[in-house]
Amino acid sequence: MSDLSVDHLLGIKYLQPEDIELIFETADNFKEVINRPIKKVPSLRDITIANLFFENSTRTKLSFELAEKRLSADVVNFSASGSSVSKGETLIDTVNNILAMKVDMVVMRHPNPGAAVFLSQNVNSRIVNAGDGAHEHPTQALLDAYSIREKLGRVAGVKVLIVGDILHSRVALSNIFCLQKLGAEVRVCGPSTLMPKYIRSLGVEVMHDLDRALEWCDVANMLRIQLERQDHQYFPSLREYSMQYGLSMERLERLNKEIPIMHPGPINRGVEITSDIADSDHSIILPQVENGVATRMAVLYLLAAKIQR
Amino acid sequence: MSERILLNEREVDLALHRLTHQLIENHGDFSNSILIGLQPRGIRLTERLSEMLKKAGVDQVRSGSLDITFFRDDFRRRDEPISANKTNIPFVVENQNVIFIDDVLFTGRSVRAALDAINSFGRPSKVELLVLVDRRLSRHLPIQPNYIGRIVDSVASERVVVNWKEENGSDNVELLSEVR
Numbered sequence: 014m015s016d017l018s019v020d021h022l023l024g025i026k027y028l029q030p031e032d033i034e035l036i037f038e039t040a041d042n043f044k045e046v047i048n049r050p051i052k053k054v055p056s057l058r059d060i061t062i063a064n065l066f067f068e069n070s071t072r073t074k075l076s077f078e079l080a081e082k083r084l085s086a087d088v089v090n091f092s093a094s095g096s097s098v099s100k101g102e103t104l105i106d107t108v109n110n111i112l113a114m115k116v117d118m119v120v121m122r123h124p125n126p127g128a129a130v131f132l133s134q135n136v137n138s139r140i141v142n143a144g145d146g147a148h149e150h151p152t153q154a155l156l157d158a159y160s161i162r163e164k165l166g167r168v169a170g171v172k173v174l175i176v177g178d179i180l181h182s183r184v185a186l187s188n189i190f191c192l193q194k195l196g197a198e199v200r201v202c203g204p205s206t207l208m209p210k211y212i213r214s215l216g217v218e219v220m221h222d223l224d225r226a227l228e229w230c231d232v233a234n235m236l237r238i239q240l241e242r243q244d245h246q247y248f249p250s251l252r253e254y255s256m257q258y259g260l261s262m263e264r265l266e267r268l269n270k271e272i273p274i275m276h277p278g279p280i281n282r283g284v285e286i287t288s289d290i291a292d293s294d295h296s297i298i299l300p301q302v303e304n305g306v307a308t309r310m311a312v313l314y315l316l317a318a319k320i321q322r
Numbered sequence: 010m011s012e013r014i015l016l017n018e019r020e021v022d023l024a025l026h027r028l029t030h031q032l033i034e035n036h037g038d039f040s041n042s043i044l045i046g047l048q049p050r051g052i053r054l055t056e057r058l059s060e061m062l063k064k065a066g067v068d069q070v071r072s073g074s075l076d077i078t079f080f081r082d083d084f085r086r087r088d089e090p091i092s093a094n095k096t097n098i099p100f101v102v103e104n105q106n107v108i109f110i111d112d113v114l115f116t117g118r119s120v121r122a123a124l125d126a127i128n129s130f131g132r133p134s135k136v137e138l139l140v141l142v143d144r145r146l147s148r149h150l151p152i153q154p155n156y157i158g159r160i161v162d163s164v165a166s167e168r169v170v171v172n173w174k175e176e177n178g179s180d181n182v183e184l185l186s187e188v189r
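So the protein lines, in turn, are chains A and B.
Take the first sequence: its position 84, counted from the start at 1, is 97 in this note's numbering, and no numbers get skipped.
Take the second sequence: its position 89, counted from the start at 1, is 98 in this note's numbering, and no numbers get skipped.
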């Protein structure tokens with residue numbers, strides 16, 4: 014297979030396992046490209062991409078922008094603060110105005126779940142979802158699964174533990190879809206107040222004892238406690254959370270095996286993961302960031318291949 | 010489809026020996042020279058030539074492979090996208106003599122893409138081109154090889170296929186043409 018089955022990347026749930034494999038194989042090639050002395054290829058030199066960020070982002074935005082530039086695409090950036098969105102313009106109007114300036118692809122982050130799907134149905138452009146509310150964050154899931162494949166040599170059959178705030182996390186949802194499509198086994202761990210009600214219907218087992226969960230898994234993905242979304246008191250205090258569900262070196266050393274530790278960033282050091290782990294050899298946090306650029310290049314390249322002129 | 014053998018096993022062998030000796034004449038001990046096979050079809054030829062160079066007494070032959078997929082000028086103009094292959098250039102290309110190796114030179118577009126692609130690894134002092142078959146009447150660009158196994162006059166509708174022992178049981182070059 015050398016072609017994606019979809020025209021947009023709206024979420025992992027719309028992808029076939031073969032699509033994900035194709036993205037990984039293409040990302041392998043781009044990973045080699047971004048380690049060259051000159052890290053640029055001319056494939057997308059006639060493509061213009063708009064990065065629309067209606068919600069804050071540092072790493073995803075930077076990673077997409079680098080991926081676009083490494084592919085030689087022209088890039089325009091838009092962030093909601095200081096734009097006409099605050100004057101009451103609708104999403105479709107905003108995007109159509111940008112597309113009128115001859116933009117071929119749109120990378121969008123939006124606080125509302127389903128915003129990317131909605132946009133793909135209403136405007137004539139390729140849409141890449143860079144996170145829509147608590148729904149999906151497909152490129153993060155792709156880079157996480159790619160990092161597992163790189164570290165352990167495979168994804169099928171791997172036991173992956175996702176720890177923390179599953180309720181507010183688009184990363185968790187996309188990761189669950191992606192890992193399950195590739196044949197991995199996924200469990201989640203965290204306080205019951207941060208577990209969505211439907212979670213078991215996805216075929217995911219919930220664990221509340223982190224030590225037992227760590228014994229079970231081959232790799233652990235520690236999610237960030239989203240302090241900005243804690244409008245309710247989901248747990249008594251950060252200190253109590255980190256004692257129950259924070260990963261410390263002491264906890265890790267009690268295990269009689271080595272497991273790679275992942276984190277989608279940004280890290281709250283001392284809350285979900287202690288500094289000594291984040292900076293240790295157990296952590297594959299920085300390789301994840303590097304793989305983010307390669308997998309995003311693969312996604313943009315494969316979607317651009319479907320643009321007809 | 011009619012098939013005609015342009016080079017049989019013995020003729021391929023003779024051509025490879027001649028090319029090996031021409032390379033040694035121009036590059037001596039290969040201390041500043043690198044063989045770069047163009048993916049996918051130049052790789053087997055590169056392997057063969059480096060073996061033969063070793064047998065001919067050149068001990069240190071550095072060889073790599075270059076994939077030009079992302080540098081092609083027909084991205085999004087083809088019906089089927091092309092999947093990329095591995096690039097493996099584990100050495101510095103800066104100020105080296107680079108010899109591109111491919112099986113058949115047809116339009117010259119792959120070679121143009123390769124000239125772009127190699128610049129990502131530094132600035133070679135010189136770039137040469139070796140091909141087993143030169144279809145000299147089919148060029149779209151002003152590109153000429155430095156080392157040629159055999160010149161073939163063929164029309165665009167015909168195909169020239171290089172077979173290798175490792176994949177097809179014997180070394181030979183075939184001309185395939187539609188029977189009207």
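Beta carbons: idealized from backbone N, C-alpha and C, even for Gly.
Counting only beta-carbon separations shorter than 9 Å, does A:V88 have a partner in chain B? Residue contact with chain B for A:V88: absent (no Cβ-Cβ distance below 9 Å to any residue of chain B).
In angstroms, rounded to a whole number, what distance separates the CA positions of A:N109 and A:V141? The alpha-carbon atoms of A:N109 and A:V141 are separated by roughly 16 Å.
Assigned secondary structure, A:V302 (DSSP; H/G/I helix, E/B strand, else coil): Secondary structure at A:V302: helix, using DSSP grouped into helix, strand and coil.
When the Cβ atoms of the segment 97–117 of chain B are set against those of the segment 47–60 of chain B, are three or more pairs found closer than 8 Å? The segment 97–117 of chain B is in contact with the segment 47–60 of chain B.
Please list the terminal residues of the continuous alpha helix (DSSP H) segment that includes A:T61. Annotation: A:T61 is outside any alpha helix (DSSP H); the continuous beta strand (DSSP E) that includes it extends over 61–66.
Using the C-alpha atoms, what's the distance from A:T287 back to A:S293? If you take the alpha carbons of A:S293 and A:T287, they lie about 10 Å apart.
Classification of B:G158 by the beta-carbon crowding that lies within 10 angstroms, buried from 16 upward: Buried is the call here.
Check whether the segment 222–237 of chain A and the segment 196–205 of chain A touch, using three or more Cβ-Cβ pairs below 8 Å as the test. Short answer: they touch.
Which class does A:D106 belong to by DSSP, given the choice of helix, strand or coil? The three-state reading of DSSP puts A:D106 in helix, counting H, G and I together.
C-beta neighbour in chain E for A:S138, strict 9 Å: Here the protein chains are A and B, and chain E is not one of them.
One or two residues paired with A:V199 in a DSSP bridge: According to DSSP, which records beta bridges pairwise, A:V199 is partnered with A:V173.
Roughly how far, in whole angstroms, is the beta-carbon of B:S72 from the beta-carbon of B:G46, given that I think they are within contact range, below 8 Å? That pair is a contact at about 7 Å.
Going along chain A, which residues have a C-beta under 8 Å from B:S129? Using a Cβ-Cβ cut-off of 8 Å, B:S129 is close to V46, R49, P50, I51, K52, K53, V54 of chain A, given in chain order.
Any C-beta of chain A sitting closer than 9 Å to the C-beta of B:T29? B:T29 is outside the set of residues whose beta carbon lies under 9 Å from a beta carbon in chain A.
Is it the case that the Cβ atoms of A:I25 and A:E218 are separated by a distance below 9 Å? Not closer than 9 Å, so no.
Just checking my contact of A:F67 with A:A93 at CB under 8 Å: how many whole Å lie between their CB atoms? Contact holds; Cβ gap of about 4 Å.
Looking at chain A, is there any beta carbon in it that lies within less than 9 Å of the beta carbon of B:A123? Taking Cβ atoms only, chain A never reaches closer than 9 Å to B:A123, which makes this a no.
Work out the CA separation of A:Q29 and A:L17 for me, nearest whole Å. Between A:L17 and A:Q29, the C-alpha separation is close to 9 Å.
Distance cutoff 9 Å, beta carbons only. Does A:Q193 sit that close to anything in chain B? Taking Cβ atoms only, chain B never reaches closer than 9 Å to A:Q193, which makes this a no.
Is A:R322 close to chain B? Criterion is C-beta to C-beta, closer than 9 Å. Residue contact check for A:R322 against chain B: a CB pair falls below 9 Å.
Contacts that B:D76 makes with chain A (C-beta to C-beta distance below 9 Å): Per Cβ cutoff of 9 Å: N42, E45.
In chain B, which residues lie less than 8 Å from A:T308 when you measure between Cβ atoms? Scanning chain B for C-beta atoms nearer than 8 Å to the C-beta of A:T308 yields nothing, as the closest lies near 14 Å away.
Would A:L84 count as contacting chain B if we go by Cβ distances under 9 Å? Among the residues facing chain B, A:L84 is included, as its CB has a counterpart in that chain under 9 Å away.
Would A:Q301 be called buried (16 or more neighbouring beta carbons within 10 Å of its own) or exposed? Flag for A:Q301 reads buried.
Which residue from B:E187, B:N181, B:S186 puts its Cα closest to that of B:L25? Ranking the options by Cα distance to B:L25, first place goes to B:N181.
Using a C-beta cutoff of 9 Å, does B:F79 count as contacting chain A? Yes - at least one Cβ of chain A is within 9 Å of the one on B:F79.
Could you confirm whether any beta carbon from chain B is found closer than 9 Å to the beta carbon of A:S92? At a cut-off of 9 Å between beta carbons, A:S92 makes no contact with chain B.
Based on the DSSP output, what are the partners of A:I274 in its beta bridges? Beta bridge pairing from DSSP links A:I274 with A:A233, A:S296.
Residue closest to A:K267, alpha-carbon to alpha-carbon, out of A:R225, A:S296, A:T107: Checking the sequence, you will find Arg at residue 267 of chain A rather than Lys. The alpha carbon of A:R267 has as its nearest neighbour, out of A:R225, A:S296, A:T107, the alpha carbon of A:R225.
Are the segment 178–186 of chain A and the segment 13–21 of chain B touching, with three or more C-beta to C-beta distances below 8 Å? The segment 178–186 of chain A vs the segment 13–21 of chain B: no contact.
Step through the CB atoms of chain B and report whether any lies within less than 9 Å of the CB of A:Y314. Using a Cβ-Cβ cut-off of 9 Å, A:Y314 counts as an interface residue toward chain B, since at least one Cβ of chain B sits closer than that to its own.
With 16 other Cβ atoms within 10 Å as the buried cut-off, status of A:Q321: Counting the other Cβ atoms within 10 Å of the Cβ of A:Q321 gives fewer than 16, which makes it exposed.
Rounded to whole angstroms, what is the Cα-Cα separation between A:N64 and A:I51? Going from the Cα of A:N64 to the Cα of A:I51 covers about 24 Å.
Can you tell me whether DSSP reads A:A334 as helix, strand or coil? Nothing about residue 334 of chain A can be reported from this structure: the residues present for chain A run from 14 to 322 only.
Contact belief for A:L227 with A:L165 at Cβ below 8 Å, rounded distance in angstroms: With a Cβ gap of about 16 Å, A:L227 and A:L165 do not count as contacting.
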